[in-house]
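Residue numbers are given in our numbering: position 123 of the sequence shown equals residue 173, and the series is strictly consecutive.
Data block below; observations after.
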Amino acid sequence: MTDRPITLITGASGGIGSALARCLAPTHDLILSGRGGPALDGLCAELNAAPLALDLTRPETFAQAVAGLGRVTNLVHNAGVVELGGVAAQDHTTWTHTLAVNVVAPAELTRLLLPRVRQERGTVLFVNSGAGLRANAGWGSYAASKHALKALADALREEEAGHGVRVSSVYPGRTATAMQRKVREQEGAPYDPAAFTRPETVAATVASVLDAPRDAALTDVTVRPGAGL
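As structure tokens, this is what we get:
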């Protein structure tokens with residue numbers, strides 16, 4: 051039996067998720083969650099991690115999916131979706147899908163895994179977004195979901211303080227990922243990864259929050275592209 055922390059990462063097959071998995075692999079045992087497929091399978095094989103297939107649009111399936119898990123020290127909610135558009139242009143299907151994946155799924159997975167995280171005195175970490183702090187035109191549904199995710203984290207932090215569970219939100223700015231490429235396409239702008247923060251940098255920030263000494267709680271951490279870019 052290992053004494054290493056066991057960290058579950060959602061959205062682990064690419065972008066910030068896979069960068070975080072590689073960053074943590076030397077010191078953490080990993081459970082990597084995604085929709086399944088070659089990318090997730092390959093990463094799990096590379097890092098000797100356990101795969102966990104989850105459909106984030108179907109939270110009613112989570113209980114069965116996680117029933118066989120053992121210890122979980124840290125839960126990192128990294129998965130998310132984005133669809134740009136004005137409030138006048140986006141109908142309820144976009145809002146429902148965005149809120150389901152970005153808010154409802156993390157809330158349900160947290161609920162199910164809290165007993166394990168409490169036992170470990172671990173951390174629940176939400177990879178949020180700059181849109182969780184400010185909503186710009188065309189970002190209504192996404193920003194609303196990320197503001198709700200901040201509210202979830204803030205409430206959970208107060209509720210779990212007595213159980214020794216740390217709750218953190220990390221707010222990356224624009225990061226060089228496939229999601230950012232999609233965003234730039236929707237904005238009608240070129241995608242230049244050199245203009246954005248590297249996912250490895252965000253991953254290192256998340257790792258520092260998870261590994262912070264127990265007498266510190268890094269509750270809200272903002273990561274922005276550096277001035278030197």
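All C-beta atoms in this analysis are idealised placements derived from N, C-alpha and C, irrespective of residue type, glycine included.
Between valine 215 and valine 167, the gap from beta carbon to beta carbon is short of 9 Å. For the 9 Å CB-CB criterion, valine 122 and leucine 163 form a contact.
Apart from sequence neighbours up to five positions away, the residues of its chain that approach arginine 234 with a beta-carbon distance below 7 Å are Pro240 and Tyr241, ordered along the chain.
The bridge partners DSSP lists for aspartate 270 are Ser219. If you look at valine 259, you'll find it in the alpha helix (DSSP H) that goes 249-260. Of the candidates Leu106, Asn178 and Pro275, Leu106 places its Cα closest to the Cα of histidine 147. Within the same chain, and ignoring the five residues on either side of arginine 171 in sequence, the residues whose Cβ sits closer than 6 Å to its Cβ are Gly214. Thr247 is the residue among Thr247, Arg264, Ala266 and Asp265 whose C-alpha sits nearest the C-alpha of threonine 272.
For asparagine 124, the three-state secondary structure derived from DSSP is strand. In this model, isoleucine 66 and glutamine 230 are separated by some 11 Å (Cα to Cα).
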